[in-house]
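**Q** Before anything else, here's the structure in question.
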Amino acid sequence: MQALATNLDHVGVAVRDLDAGERAFARLGFNLTARSFHRGSRVPGAPIEEWGSGNHCAMLARGYLEIIGLTDPAKFSSVKSMLDMYQGAHIVAFEPRSNEEVHQALSARHLPIDDLRALERMAAYGPGGRERRRVAFRNMFWTRAHFTEARLQYTEHLTREVMWQPHLLKHANGAVGLFGVLLCAPDAEAVARKLAPMLGIDPYPARDGEYDLRLAASWVKILTPAAWSEWAPGTTLPPLPAPVGLAIEVKSLAETRTYLSQRGIGLHDGRERGVWVEPKDAGNTVIYFFGQ
0 MQALATNLDH VGVAVRDLDA GERAFARLGF NLTARSFHRG SRVPGAPIEE WGSGNHCAML
60 ARGYLEIIGL TDPAKFSSVK SMLDMYQGAH IVAFEPRSNE EVHQALSARH LPIDDLRALE
120 RMAAYGPGGR ERRRVAFRNM FWTRAHFTEA RLQYTEHLTR EVMWQPHLLK HANGAVGLFG
180 VLLCAPDAEA VARKLAPMLG IDPYPARDGE YDLRLAASWV KILTPAAWSE WAPGTTLPPL
240 PAPVGLAIEV KSLAETRTYL SQRGIGLHDG RERGVWVEPK DAGNTVIYFF GQ
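Per numbering that gives the first Met the number 0, the very first residue in the sequence shown carries number 0; after that it's consecutive.
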């Protein structure tokens, strides 16, 4: 099987209070972008309009983390339906070889993929943030009526130089990359086999109740509730299936541990030599940190 996805592009955490979400992730040591407001088309080919949502992003050398929330409940926003379900991780976006190539390949296999749709926002530019520049994407959603496991999509960036500005890539917690995302489902094997053809990769049974979809430098891990309880004991699950955690790669795990401990953030030793913080400190999402 030829890979269609190269890596994870970003994971989006939907929060009910965007101000509180910003404070929480800043406390974790992420250098967040200034608030930006979305504009997009509701359906493929429709005009771009102002949406009622905004975000802060933690831009990493590889991938990024998005904290997203409502800014104007009177306007259209895809965030509303996310928060109607639960607060926490929802968006799992992949970097395609190219959107056209991936769309053609998936359509030829009669797999459920939507047409491309445009999304944009204005973002602060430069170390002082005095200038504002347009950020533009093209998203290709995995058809949501079929894929209920997450807001799964391919994202193609048209203005990478505005997104990945050098001063945004330095984080006090040492974060350098989006390493993985963890999804929980009662039938983890079935979900892994369902998602695998959309990525062009084969699922790998890592251990009992745990399946990996391995990309070039990142991964998706699908776990049963029992397997997840080994990764994050005592945490409460959202309605399943759903993303329940994400993984960040850091320069030095020892330094990250010290940084978080000094700020009173509870840390737990976890699987595969990682440490994790509880959902209460991270927008109702478990965050794992792994050393390089």
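We put the beta carbon where it would ideally sit given N, CA and C, even for glycine.
Identify every residue that forms a DSSP beta bridge with T154.
**A** Looking at the DSSP assignment, T154 forms a beta bridge with N138.
**Q** Whose C-beta lies closer than 6 Å to the C-beta of V12 among residues of the same chain, with five residues either side of it excluded?
**A** Taken in chain order, the residues that qualify are I66, A88, G282 and T284.
**Q** Looking at the structure shown, is T255 part of a helix, part of a strand, or coil, going by DSSP?
**A** Helix at T255.
**Q** With DSSP run on the structure shown, which of helix, strand or coil describes K220?
**A** Note: K220 maps to strand in three-state DSSP.
**Q** Under the assumption that R262 contacts R22 (Cβ atoms under 8 Å), give the Cβ distance between them as a whole number of angstroms.
**A** With a Cβ gap of about 12 Å, R262 and R22 do not count as contacting.
**Q** Considering only their Cβ atoms, is the gap separating G51 from T32 smaller than 8 Å?
**A** Contact flag unset, no.
**Q** Within 10 angstroms of the Cβ of T142, are there 16 or more other Cβ atoms? Answer buried if so, exposed if not.
**A** Per the 10 Å Cβ criterion, exposed.
**Q** Please classify D211 as buried or exposed, where buried requires at least 16 other C-beta atoms within 10 Å of its C-beta.
**A** Under this definition D211 is a buried residue.
**Q** Taking just the CA atoms, how far does E188 sit from L168?
**A** Between L168 and E188, the C-alpha separation is close to 36 Å.
**Q** Output the distance between the C-alpha atoms of H170 and L266, rounded to the nearest integer angstrom.
**A** One C-alpha to the other measures close to 18 Å.
**Q** So H89 is in the beta strand (DSSP E); what residue range does that whole segment cover?
**A** Here the beta strand (DSSP E) through H89 covers G87 to P95.
**Q** Assuming D102 is part of the alpha helix (DSSP H), what are its boundary residues?
**A** In the sequence under discussion, the amino acid at residue 102 is His, which differs from the Asp named in the question. Here the alpha helix (DSSP H) through H102 covers N98 to A107.
**Q** Rank A2, L222 and R270 by C-alpha distance to the C-alpha of R96 and give the top, closest one.
**A** With distances taken between Cα atoms, R96 lies closest to A2.
**Q** Around the C-beta of H9, are 16 or more other C-beta atoms found within 10 angstroms, so that it is buried, or is it exposed?
**A** Buried, since its Cβ has 16 or more Cβ neighbours within 10 Å.
**Q** What's the C-alpha gap between Y63 and G176?
**A** Between Y63 and G176, the C-alpha separation is close to 7 Å.
**Q** Can you tell me the Cα-Cα spacing of G128 and R41, whole angstroms?
**A** Cα-Cα distance, rounded: 29 Å.
**Q** If we require 3 or more residues per run, which beta strand (DSSP E) segments fall completely within the region 154-237?
**A** Correct list: 174-183, 203-206, 209-213 and 218-222.
**Q** Ignoring anything shorter than 3 residues or poking outside the region 254-285, list the beta strand (DSSP E) runs there in chain order.
**A** You should have 266-268 and 274-276.
**Q** Give every residue of the same chain whose Cβ lies closer than 6 Å to the Cβ of L252, excluding the five residues on either side of it in the sequence, and list them in chain order.
**A** Same-chain partners within the cutoff: G290.
**Q** DSSP state of G39, grouped into three classes?
**A** In this structure, G39 counts as strand in the three-state DSSP scheme.
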